[in-house]
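For the sequence shown, position 123 matches number 123 in UniProt numbering, and the numbering has no gaps at all.
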Amino acid sequence: MKLTGFQVNFHKAGEDAADRHGGGGVLRPSRICHLALLSTAFWAFVFFLHSGTQGDGVGVASVLFKQAAFSLPPLLSGNAAGRGRVPPTQLPALAVQARSPPPVEAAPADSCAGRYIYMYDLPPRFNDDLVRDCKNLWRFYDMCPLVANCGMGRALGDEGGVFSPRGWYATNQFTLDIIFHARMKGYECLTGDPSLAAALYVPFYASLDGGRHMWNSTSLRDMLGLDLVEWLARRPQWRAMGGRDHFMVAGRTAWDFRRYEDVDEQWGTKLLNNPAVQNMTVLILETSPWRRANLAVPYPTYFHPETAADVAAWQEKVRGAERSWLFAFAGAPHPWQRETVRPEIFQQCGTSSRCRLFRCGAKSGPHSCKSPGAVMRVFESSDFCLQPRGDSLTRRSTFDAILAGCIPVFFHPGSAYTQYTLHLPKEPERWSVLIMHTDVSERNVSIEETLAKIPPETVRAMREEVIRLIPRVVYADPRSRRVDFKDAFDVSVEAVIDRVAKRRRGDVEGRRR
Numbered sequence: 001m002k003l004t005g006f007q008v009n010f011h012k013a014g015e016d017a018a019d020r021h022g023g024g025g026v027l028r029p030s031r032i033c034h035l036a037l038l039s040t041a042f043w044a045f046v047f048f049l050h051s052g053t054q055g056d057g058v059g060v061a062s063v064l065f066k067q068a069a070f071s072l073p074p075l076l077s078g079n080a081a082g083r084g085r086v087p088p089t090q091l092p093a094l095a096v097q098a099r100s101p102p103p104v105e106a107a108p109a110d111s112c113a114g115r116y117i118y119m120y121d122l123p124p125r126f127n128d129d130l131v132r133d134c135k136n137l138w139r140f141y142d143m144c145p146l147v148a149n150c151g152m153g154r155a156l157g158d159e160g161g162v163f164s165p166r167g168w169y170a171t172n173q174f175t176l177d178i179i180f181h182a183r184m185k186g187y188e189c190l191t192g193d194p195s196l197a198a199a200l201y202v203p204f205y206a207s208l209d210g211g212r213h214m215w216n217s218t219s220l221r222d223m224l225g226l227d228l229v230e231w232l233a234r235r236p237q238w239r240a241m242g243g244r245d246h247f248m249v250a251g252r253t254a255w256d257f258r259r260y261e262d263v264d265e266q267w268g269t270k271l272l273n274n275p276a277v278q279n280m281t282v283l284i285l286e287t288s289p290w291r292r293a294n295l296a297v298p299y300p301t302y303f304h305p306e307t308a309a310d311v312a313a314w315q316e317k318v319r320g321a322e323r324s325w326l327f328a329f330a331g332a333p334h335p336w337q338r339e340t341v342r343p344e345i346f347q348q349c350g351t352s353s354r355c356r357l358f359r360c361g362a363k364s365g366p367h368s369c370k371s372p373g374a375v376m377r378v379f380e381s382s383d384f385c386l387q388p389r390g391d392s393l394t395r396r397s398t399f400d401a402i403l404a405g406c407i408p409v410f411f412h413p414g415s416a417y418t419q420y421t422l423h424l425p426k427e428p429e430r431w432s433v434l435i436m437h438t439d440v441s442e443r444n445v446s447i448e449e450t451l452a453k454i455p456p457e458t459v460r461a462m463r464e465e466v467i468r469l470i471p472r473v474v475y476a477d478p479r480s481r482r483v484d485f486k487d488a489f490d491v492s493v494e495a496v497i498d499r500v501a502k503r504r505r506g507d508v509e510g511r512r513r
């Protein structure tokens, strides 16, 4: 058998070793030698493969181990892993270097910053128990149907085409406390932390409490209001600013809460004369001409839209309404107010062929001022709606007229201009007419002649301004979670927050001095 060179040398080495040890037999290689040789051969082969992949990448290894057509992507650095990005199949030489982490995105701005409201969870005697006792809230009629649907009252139909398909309710003018509380429950920026609150809301139903005891003794009239003040005074939230960052709603006029003496014959409660309540901001339907500490807000109307689309549909309806009367008046004579302008209004409107007179005499039916459809039908068919003072300087009819797109005619600046400064434009001539009551009552001015002199194009522009006011003077349906327009509630809350912020800045500046 012919031996290879490697075998010959190995055999000779074995013979030499045997001679040195004095043995005459053949010496066979040990297992250790075999392992050493195999190990040497393996690492030589690895070195050979590695050297073949250098330079242009062509060598024995590239030939024997071609890259498959479908291969796993190269590994990403730790910075890129786990961020949901799909890596490229081949990265350039520089791309394999460690990537710097992406810039840290700033946290989104807090949309409620400066707008948080803390709402007290009052004992039910201050609100819910009053609603449950609805049969005893007013001595003349049952209030239970009027406090239904979060204070909006029973739902109305279209009343023969007078109203739009939805959003209309038989709303009483004195249920704003309930409506406002229900709206606040859905306010997007409520907080349970008083320290974060821009203002603190006290959901006391002052108007319901005031109405149920209006003809009782003064001690009974004032009892629940005094109870509320004592309850608040024990709260640390109240003590922080003495109530100057608190607000509440009293859905009546100031006269109902400003009794000055403890005499049963005097009208109303003493709620607004309580020093603690005077520290608060109270949203009220009509403020006192001599005390502007509180904020006047619109009376509730019959319309409680859910969305901006509901408002736009109604605006379009009244914009296209046929108005066959120059002016109109809906109201009762009020014979006890002999020195007011009402008697002259009845006389002038009753004798004019261009005035629609709706005398509120019947308690119910199509000729009653308690019939929403009947009143709104009158307003929707007239260019101007006369708004003399009611039992006080203001009246709910003003906002019903605006809702109908009817230009209001006032006879005293206190009936709107000095009251609803938050919700109505500062330029009253753009949306209303003022005829001083003294000029009419002394029979120096004809209402018809004054209104007839206004050019038609001016009337159209004024009506359009009135129609644009509608969203700001209505209260959206408090049950809706789709309210996407600024209503009277939103305007009022913004005003409260602004007032509290100014008070806080004043306190800080005062401490700095």
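Using N, Cα and C, we set each Cβ at its ideal position, and we do this for glycine too.
How is residue i classed by DSSP in three states: helix, strand or coil?
{"i": "L283", "result": "strand"}
{"i": "H11", "result": "Since pLDDT at H11 reaches only 43, below the 50 mark, its modelled position is unreliable, and no value is offered."}
{"i": "L146", "result": "helix"}
{"i": "R252", "result": "strand"}
{"i": "W431", "result": "coil"}
{"i": "F329", "result": "strand"}
{"i": "V445", "result": "coil"}
{"i": "M119", "result": "strand"}
{"i": "residue 519", "result": "Given that the chain is displayed from residue 1 to residue 513, the structure contains no residue 519 and the question cannot be resolved."}
{"i": "P408", "result": "strand"}
{"i": "C134", "result": "helix"}
{"i": "Q173", "result": "coil"}
{"i": "S382", "result": "strand"}
{"i": "R291", "result": "strand"}
{"i": "A182", "result": "helix"}
{"i": "L190", "result": "strand"}
{"i": "W168", "result": "strand"}
{"i": "Q387", "result": "strand"}
{"i": "F126", "result": "helix"}
{"i": "H437", "result": "helix"}
{"i": "A495", "result": "helix"}
{"i": "F303", "result": "strand"}
{"i": "R308", "result": "As written in the sequence, residue 308 is Ala, which differs from the Arg given in the question. A308 falls in the helix class under three-state DSSP."}
{"i": "G25", "result": "In this prediction, G25 scores a pLDDT of 41, lower than 50, which makes its location untrustworthy; the coordinate-derived value is nonetheless stated afterwards. G25 falls in the coil class under three-state DSSP."}
Between residue i and residue j, what straight-line distance do the alpha-carbon atoms span, to the nearest angstrom?
{"i": "A276", "j": "L228", "result": "10 Å"}
{"i": "F126", "j": "Q266", "result": "24 Å"}
{"i": "P203", "j": "D262", "result": "26 Å"}
{"i": "G320", "j": "D439", "result": "34 Å"}
{"i": "I407", "j": "F379", "result": "9 Å"}
{"i": "F163", "j": "A401", "result": "14 Å"}
{"i": "R292", "j": "P194", "result": "27 Å"}
{"i": "A80", "j": "A197", "result": "Here the model assigns A80 a pLDDT of 35, short of 50, so the residue's position is not dependable and the matter cannot be decided."}
{"i": "L156", "j": "W168", "result": "5 Å"}
{"i": "R504", "j": "L137", "result": "38 Å"}
{"i": "P478", "j": "S353", "result": "42 Å"}
{"i": "L91", "j": "D310", "result": "Residue confidence is low: L91 scores 38 on pLDDT, short of 50, so the model does not pin down where it sits. Its coordinate-derived value is still stated next. About 57 Å."}
{"i": "D264", "j": "N172", "result": "27 Å"}
{"i": "K502", "j": "K486", "result": "23 Å"}
{"i": "P428", "j": "Y417", "result": "7 Å"}
{"i": "G390", "j": "A206", "result": "21 Å"}
{"i": "A240", "j": "M248", "result": "17 Å"}
{"i": "T340", "j": "P388", "result": "8 Å"}
Here's the rule I'm using: 16 or more other beta-carbon atoms within 10 Å means buried, otherwise exposed. How should residue i be labelled?
{"i": "Y116", "result": "buried"}
{"i": "W215", "result": "exposed"}
{"i": "Y141", "result": "exposed"}
{"i": "D209", "result": "buried"}
{"i": "D222", "result": "buried"}
{"i": "residue 517", "result": "Look at the range of the chain in this structure, 1 to 513, and you will see that residue 517 is not part of it."}
{"i": "R430", "result": "exposed"}
{"i": "G361", "result": "exposed"}
Which residues in the same chain have their Cβ closer than 8 Å to the Cβ of residue i, if we skip the five residues on either side of it in sequence?
{"i": "I435", "result": "V409, F410, F411, V445, I447 and T450"}
{"i": "K135", "result": "D142, M143 and C144"}
{"i": "G153", "result": "P145, L146, V147, Y169, A170, T171, N172 and T175"}
Spatial neighbours of residue i within its chain, please: CB distance less than 7 Å, with the 5 preceding and 5 following residues excluded, ordered by chain position.
{"i": "S392", "result": "T253, W255 and E286"}
{"i": "E318", "result": "For the sequence presented, residue 318 should be read as Val rather than Glu. E380, A404, G405 and I467."}
{"i": "H213", "result": "L220 and R221"}
{"i": "R463", "result": "G405 and I407"}
With a threshold of 7 Å (Cβ to nearest heavy atom), would residue i be considered close to the ligand MN?
{"i": "I497", "result": "No copy of the ligand MN occurs in the structure displayed, which carries no ligand at all."}
Please go through the same chain and pick out, in chain order, the residues whose beta-carbon is closer than 6 Å to the beta-carbon of residue i, but skip the five residues on each side of it.
{"i": "H246", "result": "L200, V202 and M280"}
{"i": "G242", "result": "N279"}
{"i": "F399", "result": "P298, Y299, T301 and V473"}
{"i": "H334", "result": "R342"}
{"i": "L422", "result": "V491 and A495"}
Under 8 Å, Cβ to Cβ, is there at least one residue of chain C near residue i?
{"i": "W314", "result": "No chain C appears in this structure, which consists of one protein chain only."}
Inset, instruction - At 3 residues or longer, and completely inside the region 194-224: list those beta strand (DSSP E) runs for me, N to C. - result: 199-201
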